[in-house]
Amino acid sequence: MRMKSWFDAFAIAREVAAPLPGQTIPVAEAGGQVLASPIICVRPVPAFDNAAMDGFATCGPGPWTVTGLLLAGGFTALPSLSPGEAIEIATGAPVPVGTTAVLPYEDATVAGRRVSGVLGERTHVRRAGETLAAGALVSPAGRIVTATLAGATVQAGVDVVTTVRPPTVTLLVTGDEVISDGVPGPGQVRDTFTGLVTALTLRAGGVLRERRHQKDDPVSLAAALDDTDAEVVVVSGSSSAGAADHLHTVLTDRGATWHVRGVACRPGHPQALAELPGGRWVVSLPGNPFAGLIAGLTLLEPLLETMAGRPCHPLPTAAVTGSTTLMRGGVRIVPVVHSPQGTRIAADRGSAGLHAVALADALAVLPDDWTPGTPARLLAIP
Numbered sequence: 000m001r002m003k004s005w006f007d008a009f010a011i012a013r014e015v016a017a018p019l020p021g022q023t024i025p026v027a028e029a030g031g032q033v034l035a036s037p038i039i040c041v042r043p044v045p046a047f048d049n050a051a052m053d054g055f056a057t058c059g060p061g062p063w064t065v066t067g068l069l070l071a072g073g074f075t076a077l078p079s080l081s082p083g084e085a086i087e088i089a090t091g092a093p094v095p096v097g098t099t100a101v102l103p104y105e106d107a108t109v110a111g112r113r114v115s116g117v118l119g120e121r122t123h124v125r126r127a128g129e130t131l132a133a134g135a136l137v138s139p140a141g142r143i144v145t146a147t148l149a150g151a152t153v154q155a156g157v158d159v160v161t162t163v164r165p166p167t168v169t170l171l172v173t174g175d176e177v178i179s180d181g182v183p184g185p186g187q188v189r190d191t192f193t194g195l196v197t198a199l200t201l202r203a204g205g206v207l208r209e210r211r212h213q214k215d216d217p218v219s220l221a222a223a224l225d226d227t228d229a230e231v232v233v234v235s236g237s238s239s240a241g242a243a244d245h246l247h248t249v250l251t252d253r254g255a256t257w258h259v260r261g262v263a264c265r266p267g268h269p270q271a272l273a274e275l276p277g278g279r280w281v282v283s284l285p286g287n288p289f290a291g292l293i294a295g296l297t298l299l300e301p302l303l304e305t306m307a308g309r310p311c312h313p314l315p316t317a318a319v320t321g322s323t324t325l326m327r328g329g330v331r332i333v334p335v336v337h338s339p340q341g342t343r344i345a346a347d348r349g350s351a352g353l354h355a356v357a358l359a360d361a362l363a364v365l366p367d368d369w370t371p372g373t374p375a376r377l378l379a380i381p
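Residue 381 is where the sequence shown ends in numbering that gives the first Met the number 0, and the numbering goes up by one at each step.
In structure tokens:
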């Protein structure tokens, strides 16, 4: 299979999968998920006429005689007002029958049980249904459930919503040299992929179900692939053609369909995307951390976003200045920083380290015909 261009690989990862089926869940559990069905208002918003300010609910022209106090909640029967009467009222409390306006405290003059003041143009009364009527559309399908949308949904009397089920991910970290904690000894390295893949998965709308450390042998790797029912399996390392890299052979032996097998980019070219019989996906990330991050942004994140039902937006662009070594026939992906003077290339410390990337503002995708000052597509750093 021929190596894909970076742009083709990114597009394939966005387009090759389909959104997962919908699920009905409580609104409080739906944050970050994509609506599979529209949300329809169940009750008017507001549900009743209520005070928009602390003050006095009044009837007719003043001055008024204060007949009582009305707080939000706790009442048994809604009182009525006659012309010349007022009730002291709290914000959010239902206004009495006959209320024409609320006179805010700051505009009121109180003398015993008498209150006077000038009513402004605004009544300071929120009328039932003035925001949304019952049956109105709260949100169409396809929107991400944000904290604000969740709050608006509950206001509309809706307790459950139907969302696209988030894709589940299993991470297999390969490499006998990889350790999970402590100071690495001779020949050892710390696992950086658990943090990277967790962040990418969450940002893309997926759920990291489990992380396993796999030995560098084909039998162990094959057993791990067979033992998970996650929709997406991410394998870090074992992606190249070295003596300890077995993933391609294991997948081919299992009848996998290769959609991407190598990408013309630096760093990160030995990345891959395959589909196992039965519909599970495997994303192969190079073992060097920066290269693995690039592969995650190229294949894993767009794949998960599509499966989670998230909309695909064009990548942002910026004019990039600075210098780097371009890749003939491919793209060079470099960290960049933004400043009032524009977007410039940051220090490049190779495919193994993440330090320059961690301090950068974005990653720029530079084709082989890029020249300083011309626009380039940008990738958001997790």
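Using N, Cα and C, we set each Cβ at its ideal position, and we do this for glycine too. For clarity, every value in this text was computed on a predicted model and none was experimentally measured.
{"Check": "What separation, rounded to the nearest whole angstrom, lies between the Cα atoms of A346 and M326?", "Outcome": "17 Å"}
{"Check": "Checking the sheet assignment: what are the DSSP bridge partners for P93?", "Outcome": "N49"}
{"Check": "CB V319 to CB A363, shorter than 7 Å?", "Outcome": "yes"}
{"Check": "What does the Cβ neighbour count give for C40, buried or exposed, with the cut at 16 atoms within 10 Å?", "Outcome": "buried"}
{"Check": "Measuring CB atoms only, is the region 154-165 touching the region 21-37, in the sense that at least three cross pairs come out at less than 8 Å?", "Outcome": "yes"}
{"Check": "What is the DSSP secondary structure of R113, counted as helix, strand or coil?", "Outcome": "strand"}
{"Check": "Name, in chain order, the residues that DSSP records as bridge partners for H212.", "Outcome": "V172"}
{"Check": "State buried or exposed for H354, treating a residue as buried only when at least 16 other CB atoms are found within 10 Å of its CB.", "Outcome": "exposed"}
{"Check": "Given D228, which residues of its chain have a CB within under 6 Å of its CB, disregarding the five upstream and five downstream residues?", "Outcome": "none"}
{"Check": "Okay, do the region 37-56 and the region 98-114 touch, 3+ Cβ pairs below 8 Å being the bar?", "Outcome": "yes"}
{"Check": "Would you say the region 194-209 touches the region 289-309, given that touching needs at least three Cβ pairs under 8 Å?", "Outcome": "yes"}
{"Check": "Drop a sphere of 10 angstroms on the beta-carbon of R376, count the other beta-carbons inside from all chains shown, and report buried for 16 or more, exposed for fewer.", "Outcome": "buried"}
{"Check": "Please state if the CB of V233 and the CB of V196 are separated by a distance shorter than 7 Å.", "Outcome": "yes"}
{"Check": "Quick test of the definition: if touching needs 3 or more C-beta pairs under 8 Å, does the region 95-107 touch the region 1-12?", "Outcome": "no"}
{"Check": "Might you give, ordered along the chain, the residues of its own chain that have their beta carbon closer than 7 Å to the beta carbon of V124, omitting 5 neighbours on each side?", "Outcome": "D48, A50, A51, V94, T98, A100 and V101"}
{"Check": "What are the start and end residues of the beta strand (DSSP E) that includes I143?", "Outcome": "Run containing I143: none; DSSP gives neither H nor E here."}
{"Check": "Roughly how many whole angstroms lie between the Cα atoms of L314 and F6?", "Outcome": "11 Å"}
{"Check": "Going by the DSSP bridge assignment, what does W257 pair with across the sheet?", "Outcome": "A273"}
{"Check": "Given that a residue counts as buried once 16 or more other Cβ atoms are within 10 Å of its Cβ, and exposed if not, what is T370?", "Outcome": "exposed"}
{"Check": "Given this structure, state the Cα-to-Cα distance separating H247 from Q154, to the nearest angstrom.", "Outcome": "52 Å"}
{"Check": "Say whether the region 168-177 touches the region 204-214, bearing in mind that this needs 3 or more beta-carbon pairs closer than 8 Å, one atom from each stretch.", "Outcome": "yes"}
{"Check": "Using DSSP's beta-bridge definition, name the partner residues of H337.", "Outcome": "T342"}
{"Check": "If you measure between the beta carbons of I38 and V144, is that distance less than 7 Å?", "Outcome": "no"}
{"Check": "Starting from V196 and walking both ways along the alpha helix (DSSP H), at which residues does that stretch end?", "Outcome": "F192 to A203"}
{"Check": "Label E230 either buried or exposed according to how many other C-beta atoms from any shown protein chain fall within 10 Å of its C-beta, with 16 as the threshold for buried.", "Outcome": "buried"}
{"Check": "Using CA coordinates, which residue listed in F289, P269, P276 and G277 is at the minimum distance from S283?", "Outcome": "P269"}
{"Check": "Taking the beta strand (DSSP E) that S235 falls in, what are its first and last residues?", "Outcome": "V231 to S235"}
{"Check": "For G241, name the three-state secondary structure that DSSP assigns.", "Outcome": "Caution applies to G241, whose pLDDT of 48 falls short of 50 and renders its modelled position unreliable; the value that the coordinates give is listed next. Correct three-state label for G241: coil."}
{"Check": "What I want to know is whether the C-beta of Q22 ends up closer than 6 Å to one or more non-hydrogen atoms of the ligand COA.", "Outcome": "Inclusion of the ligand COA in the displayed structure is not the case, the ligand content being empty and no account of it being possible."}
{"Check": "Going by CA-CA distance only, name the one from A357, V330 and T324 that's closest to V336.", "Outcome": "A357"}
{"Check": "What does DSSP give as the partner residue(s) for P103 in the beta ladder?", "Outcome": "G54"}
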